[in-house]
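From first to last, the protein sequence lines stand for chains A and Y.
Here the numbering used here = 1-based position in the first sequence + 790.
Here the numbering used here = 1-based position in the second sequence + 1229.
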Amino acid sequence: MDRMEESLQNNNPTAKAFTLTSAAWFALATSFGMIAAGYLIAPDFMANIEFIHFGRARPMHVNAVLFGFVTPGLLAAAFYFIPRLLRTELYSHKLGVFNAIFWNITVLSGMIGISFGYTQGREYAELPWPVDIMVVISFTLVVINLLLTVRNRVEPILYVSIWYGMAAVILTACTYCIGNVIWKPDTGALVGIPDAILLWFYGHNIFGLLLTPLALAAAYYVLPIETRSPLYSHTLSLIGFWSLIVVYTHIGTHHLLQVPVPTWLKTISIVDSIAMVIPVMVVLINLWLTVKGKLGAIHASIPAKFIFTGTIFYFFVNIQGSMMALPVVQRITHFNNWVVGHAHIGVFGFAGVTALGALYFILPRITNKPLYSKFLADLQYWLVLIGITGFAIVLTIVGLIQGNAWYNGETLYRTLPEIQPYYVLRASLGAFIMIGAYLGLYNIIRTLYFNRGAST
Amino acid sequence: MYYPYFIAYMASGFVISLVIFFWALNKGQFNNQQRARFLALESHAAAGPIKLSRKGRLHAVILLIMASAGLVTSMIAVTLIVLNLVG
């Protein structure tokens, strides 16, 4: 092992810090989700505790998942694989560790702010203005660190994971500013329909231009290594990357087909939503052909099985998303739990599960020791898989019940008893995911700090 | 009038994407694609052989069945919605 290899393997405090961040916020975020699920079963659940009533627990859950769990988890992996692919060291680990600490202060401030009622009241953009600024600073620090690492590279060719990773953080640093209207600190919003357009431009791009490219970057890195197979086609992967950048940016308006948004914008959003089949299938065909004949190998590896499962959910969420953008389908599927199910499949089933796989991939490599417990990781995998699959089924059914009831003019009080059992099921399945999150946190803390396993 | 701002933003994004694309083209990023396929593998010391198990294969089959069932269910739901609404 040469000096560079040794240095890259043993010294990655930045990846360690983001790994711990992700694991801790996963546990907290699912706890907030459980509280919110409790309110859906019993509306007077914890009725007297204003800091965590439903209107606050839900945005706390959503923001903790997006910015506390999934993004830092995927960034931990990026801080590991980007220097390795470029055959250089991260520009600054001091900056990286500071970044991770600042990131935690940011997310914590957001949670405290929302729990005290400070919210901008826009979906996915609830964080109050000072926290918005902190989020932008956090992303800017990531961009600086990674961009300067790219500049110092020894390897001239940028592997597809670098393209995806860099695009994710650079685009989000810009999109976050614009989507949160940070030049208007008093409201964090425009007025009327333009605000709705801007909000969904931002909201959808958080998934499509932050979580998706970061998760695909991890998948493109981990799956070839874990299956000992070269990537099927690097050219195809770049076609997938560029088509995602061109197509994804404009699809957010498909959330606004029932409102007076200009028709040309609606048309663009629908056409591009359908066109998303191109970048998604390019990625999936490429990844699946890379691991063709290696399914046994995938399921012998904890990281690979998480990430491969993530690709299946990616396929599923994209097919759903393209169909849901059709106005005739949306009459039934929009404004109900179908969309909530769709969001869970995308953010958690695809990006979150991929983040977990990426964390389990880098953990032995950044600690130079084996994972504390493969059994716990495997148990977490099954808990998460059962939880998210059940979520998808239950929320889809609830969505169809609600959508049809609304379409047929049924009154709300007749619908609520019909969906009550599904809400109980939903909370039960959420418990699977939450238990998995706490098991993962324990496993990761033991691996990072209290691991007596022999050095690898 | 807010459209000009949105159109300007979308256009600037498109132009920046083109600039980066042509930078990559000029820097030869799209030249040696065969070598690029191996970059992830090259970034790691050779790992040992993979330990396979029958349970692992069974697991893959179960996952495939679950995904297919989910997809088929979703397709049926959407088809029924479309038939119901259009019909």
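Yeah, the Cβ is synthetic: ideal placement off N, Cα and C, and Gly gets one too.
CB contact check: residue i to chain D, cutoff 8 Å
i, result
"ALA1265 of chain Y", "The structure shown contains no chain D; the protein chains it does contain are A and Y."
Same chain, Cβ closer than 6 Å to residue i, neighbours up to 5 away in sequence not counted
i, result
"LEU1185 of chain A", "ASN1127, VAL1130, GLY1131"
"MET924 of chain A", "THR896"
"ARG1242 of chain A", "none"
"LEU937 of chain A", "none"
"HIS1045 of chain A", "TRP990"
"ALA1195 of chain A", "THR1205"
"ILE960 of chain A", "VAL933"
Cβ neighbours of residue i in the same chain (closer than 7 Å, five flanking residues each side left out)
i, result
"ASP1062 of chain A", "VAL1037, HIS1040, ILE1041"
"PHE822 of chain A", "ALA847, MET850, HIS851, ALA854"
"SER1019 of chain A", "THR1080, VAL1081, LYS1084"
"GLY1193 of chain A", "ILE1122, THR1123, ASN1126, TRP1128"
"PHE871 of chain A", "SER951, TYR1011"
"VAL997 of chain A", "As written in the sequence, residue 997 of chain A is Phe, which differs from the Val given in the question. Closer than 7 Å at the Cβ level, and outside the excluded window around PHE997 of chain A, lie GLY1136, VAL1137."
"ALA819 of chain A", "HIS851, ALA854, VAL855, GLY858, PHE859"
Neighbouring residues, chain A, relative to residue i (Cβ below 8 Å)
i, result
"ALA1306 of chain Y", "THR1186, LEU1190"
"ILE1294 of chain Y", "Neighbours of ILE1294 of chain Y on chain A: none; closest Cβ ~11 Å, over 8 Å."
"PHE1250 of chain Y", "TRP1032"
Distance between beta carbons of residue j and residue i, contact taken as under 8 Å
i, j, result
"ASN1233 of chain A", "LEU1166 of chain A", "4 Å"
"PRO1050 of chain A", "ILE983 of chain A", "6 Å"
"PHE1222 of chain A", "ILE1176 of chain A", "5 Å"
"PHE1151 of chain A", "VAL1012 of chain A", "5 Å"
"VAL981 of chain A", "GLY1030 of chain A", "At roughly 38 Å, the Cβ-Cβ gap does not stay under 8 Å, so VAL981 of chain A and GLY1030 of chain A are not in contact."
"PHE816 of chain A", "LEU1231 of chain A", "7 Å"
"HIS1288 of chain Y", "HIS1024 of chain A", "At roughly 29 Å, the Cβ-Cβ gap does not stay under 8 Å, so HIS1288 of chain Y and HIS1024 of chain A are not in contact."
Under 8 Å by beta carbon: chain Y residues contacting residue i
i, result
"ARG874 of chain A", "SER1272, HIS1273"
"HIS1040 of chain A", "MET1239"
"ALA1182 of chain A", "GLY1299"
Residue i - DSSP class collapsed to helix/strand/coil
i, result
"GLY982 of chain A", "coil"
"TRP973 of chain A", "coil"
"VAL1051 of chain A", "coil"
"ASN1194 of chain A", "helix"
"HIS1252 of chain A", "Residue coverage of chain A in this structure runs from 791 to 1246, which leaves residue 1252 of chain A outside it and unanswerable."
"MET824 of chain A", "helix"
"LEU1091 of chain A", "Here the sequence assigns Ser to residue 1091 of chain A, which means Leu is not the residue at that position. SER1091 of chain A: coil per DSSP, three-state reduction."
"MET791 of chain A", "Summary for MET791 of chain A: the model assigns pLDDT 48, below 50, so the residue's position carries little reliability; its value from the coordinates is reported in the next sentence. The answer is coil: DSSP assigns MET791 of chain A none of H, G, I, E or B."
"GLN1258 of chain Y", "coil"
"MET1114 of chain A", "helix"
"ILE839 of chain A", "coil"
"THR1237 of chain A", "helix"
"HIS851 of chain A", "helix"
"ASP1168 of chain A", "helix"
"VAL1311 of chain Y", "helix"
"ASN1076 of chain A", "helix"
"ARG877 of chain A", "coil"
"VAL1081 of chain A", "coil"
"PRO862 of chain A", "helix"
"ASP834 of chain A", "coil"
"LYS806 of chain A", "helix"
"SER1163 of chain A", "coil"
"THR1201 of chain A", "coil"
"HIS1134 of chain A", "helix"
"PHE1125 of chain A", "coil"
"ASN1108 of chain A", "helix"
"LEU1300 of chain Y", "helix"
"MET1295 of chain Y", "helix"
Contacts that residue i makes with chain Y (C-beta to C-beta distance below 9 Å)
i, result
"MET1066 of chain A", "Here the premise fails: no neighbours, minimum Cβ distance about 16 Å."
"LEU1028 of chain A", "ALA1253, GLN1258, PHE1259, GLN1262, ALA1265"
"VAL1036 of chain A", "PHE1243, SER1246"
Own chain residues within Cβ distance below 8 Å of residue i, not counting five before or after
i, result
"LEU1229 of chain A", "LEU1166, LEU1169, GLN1170, LEU1173"
"ARG1236 of chain A", "TYR1162, SER1163"
"PHE892 of chain A", "MET924, ILE927, SER928, LEU931"
"LYS974 of chain A", "LEU980"
"ILE842 of chain A", "PHE822, ILE825, MET836, MET850, SER905"
Where residue i meets chain Y, residues with beta-carbon distance less than 7 Å
i, result
"PRO1020 of chain A", "ARG1266, PHE1267, LEU1270"
"THR1113 of chain A", "The question names Thr, but residue 1113 of chain A is Met in the sequence shown. Ordered by position in chain Y, the residues that pass the 7 Å Cβ test against MET1113 of chain A are VAL1307."
"ILE1102 of chain A", "LEU1292, ALA1296"
"THR1099 of chain A", "LEU1292"
"TYR949 of chain A", "ALA1265, LEU1268, ALA1269"
Proximal residues of chain A, C-beta to C-beta of residue i below 7 Å
i, result
"LEU1300 of chain Y", "PHE1106, ILE1109"
"VAL1311 of chain Y", "VAL1118, VAL1119"
Sequence ranges, beta strand (DSSP E) only - wholly within the segment 1008 to 1044 of chain A, length at least 3: Fully enclosed beta strand (DSSP E) runs of 3 or longer: not present.
Unbroken beta strand (DSSP E) runs of length 3 or more, entirely within the segment 882 to 957 of chain A: which are they? DSSP runs (the beta strand (DSSP E)) wholly in the segment 882 to 957 of chain A: none.
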